[in-house]
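Structure record follows, encoded as structure tokens.
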Amino acid sequence: MSSDARIPTVGVEEEYFLVDPETREVVPAGSRVLRRAATALADRVSGELTEYQIEAKTPPCAGLDELHGHLARMRTSVAAAAAAEGLRIAATGTPVLGAADPTPLRDDPAYGPGFAAYRALNETHTHCGLHAHVEVPDLDHAVLVCNHLRPWLPSLVALSANSPFRDGRDTGYASWRTAAGDRWPVAGPPPYFRSAHHYAQLCAALEDAGAVVGDHTLLWDVRPSSHLPTVEVRAMDVPVGVEQAAMLGVLVRALVVQALEQVRRGDPGPDVCPSLLRAAYWRAARDGCAEHALDVRTGRAVPAGRLLRELVAYTRPALEESGELAAVTAAVRRLAGAQDGVDDGARGPGGCGARRQRAAFARRGDARDVVDELIRHTAPAHAAHAAH
28 MSSDARIPTV GVEEEYFLVD PETREVVPAG SRVLRRAATA LADRVSGELT EYQIEAKTPP
88 CAGLDELHGH LARMRTSVAA AAAAEGLRIA ATGTPVLGAA DPTPLRDDPA YGPGFAAYRA
148 LNETHTHCGL HAHVEVPDLD HAVLVCNHLR PWLPSLVALS ANSPFRDGRD TGYASWRTAA
208 GDRWPVAGPP PYFRSAHHYA QLCAALEDAG AVVGDHTLLW DVRPSSHLPT VEVRAMDVPV
268 GVEQAAMLGV LVRALVVQAL EQVRRGDPGP DVCPSLLRAA YWRAARDGCA EHALDVRTGR
328 AVPAGRLLRE LVAYTRPALE ESGELAAVTA AVRRLAGAQD GVDDGARGPG GCGARRQRAA
388 FARRGDARDV VDELIRHTAP AHAAHAAH
């Protein structure tokens, strides 16, 4: 790393579903829970597009331990607010039970232009993700960092895959949130950006076409933030556990740090084929960390474990600099399902959170067991307190 480069901060936003502990179905109570949660979290909690959801965010954090602490406290506060309304929170990319179409949308004037532009699309957008913000110097750096991150986005999809169920049915995908989320006009992996000027031109053209109605509707999975000096990575399902969420946050930071180093050397990033990138997304969404993945740099299918090993190797200098290499390596191994290393033989029914959800379902063939598993592990400190 450059001797003059400091380690940037990272912040994480998470979305959760509100569920009835008796029926295990999602409940449209976002506005009620938000009012309660705001007493503890102030502006670090907000509503989402649908009333089934609530979002919370950490402050910018210096490292893994600080990020983990904020995430744990944040989840506990949101869980307590939900419990005061007789509800629970569940960290999963899609609702396991009870989501009805059309989805109850939040009554917020800020969403009005999007309601008018996207119409019935809004009613099907019932997904929860994790978004990581990493500090960057300016827009010129940010757009080129996006180029460097594009090839790694499918690996982040695979690592975070935590949405195999929808309406009580196994979709056959590890991340149904990813598979179903490409209906929007500007979503998924972004195009290659030649410069900040090119990025601005493209955004203006999309706005002229009515495809975006404000910066918040640029739903690319990596993008310069519209309101912060950061790059925002949005490719991940919200993980069930705090440990996974914190690990993904610092892993994304390491990716951005490595990309910044390459940008400073004059490397604008690889212009990978958009069709291969979309195919890699689909494969990662379907299989998670299991089976094979598509390496967009070569256009060849390779064992998924190999790409995860290469991801850790690519980010190694940044992770060593921050002192997080051992923790991230161990977490990636666990998420990939390998007990003694990220190896080419890692197998499983999907990846990480998807595997846990399917294991819970397999015990009795009851989707309610999946929701119970999610509730227990989303905010374990609150769950343990409530049990007593």
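For what it's worth, our numbering labels the leading residue of the sequence shown as 28, then goes sequentially. The beta carbon of each residue, even a glycine, is placed where N, CA and C say it ideally should be.
I'd like to check one pair, A89 with R419: are the Cβ atoms closer than 7 Å? There is simply no residue 419 to check, as the chain begins at 28 and stops at 415 in what is shown.
So, are the CB atoms of G315 and A236 less than 7 Å apart? no
Sequence ranges, beta strand (DSSP E) only - wholly within the segment 217-276, length at least 3: 249-251 and 257-264
Enumerate in chain order the residues of its own chain whose CB-to-CB distance from W179 is below 7 Å, with the five nearest sequence positions on each side excluded. L282 and L338
Euclidean distance between Cα positions of G74 and R59: Their Cα atoms are separated by approximately 10 Å.
T130 and T205 - do their beta-carbons sit closer together than 7 Å? The answer is no: Cβ separation not under 7 Å.
When you compare only the Cα positions, how much space is there between C300 and V323? 7 Å
Run through the DSSP bridge pairs and tell me what Q384 is partnered with. None, per the DSSP bridge assignment.
Below 6 Å CB to CB, which residues in the same chain sit around L401 once its five sequence neighbours on both sides are set aside? A117, T119 and V267
Do you know how far the Cα of L148 is from the Cα of S202? 19 Å
Where does the unbroken alpha helix (DSSP H) through A353 begin, and where does it stop? L352 to A363
Euclidean distance between Cα positions of V265 and E41: 6 Å
List the whole-angstrom C-beta distance separating C173 from V240, where the pair is believed to meet the contact cut-off of C-beta under 8 Å. Actually they do not touch by this definition, with Cβ atoms about 21 Å apart.
From A144 to T342, what does the alpha carbon distance come to, in whole angstroms? 39 Å
Just list the residues that DSSP pairs C88 with in beta bridges. V37
Cβ neighbour criterion (16 or more within 10 Å) applied to Y43: buried
Please classify Y138: does DSSP put it in a helix, a strand, or coil? Helix, per DSSP.
Please state the DSSP three-state secondary structure of T77. strand
Are R51 and R395 touching if we call contact CB-CB under 7 Å? Between R51 and R395, the CB-CB gap stays under 7 Å.
For the alpha helix (DSSP H) holding G332, just list the boundary residues, first then last. A331 to S349
Between the beta-carbon of A406 and the beta-carbon of R102, is there less than 7 Å? yes
Give me the Cα-Cα distance between A106 and H95, rounded to the nearest whole angstrom. 16 Å
Taking Cβ to Cβ, would you say L157 is nearer than 7 Å to A272? yes
In terms of residues, what are the limits of the beta strand (DSSP E) holding V161? G156 to E162
A64 versus A127, H319 and L114, residue with shortest Cα-Cα distance: L114
Which class does G208 belong to by DSSP, given the choice of helix, strand or coil? helix
Considering Cα atoms alone, identify which of R310, R403 and F388 is closest to R193. F388
Could you give the distance in angstroms between the alpha-carbon of L45 and the alpha-carbon of V249? 27 Å
I'd like the span of the alpha helix (DSSP H) that includes L304, first residue to last. P301 to D314
Please name the residue in L124, R310, D294 and G296 whose C-alpha comes closest to that of S182. R310
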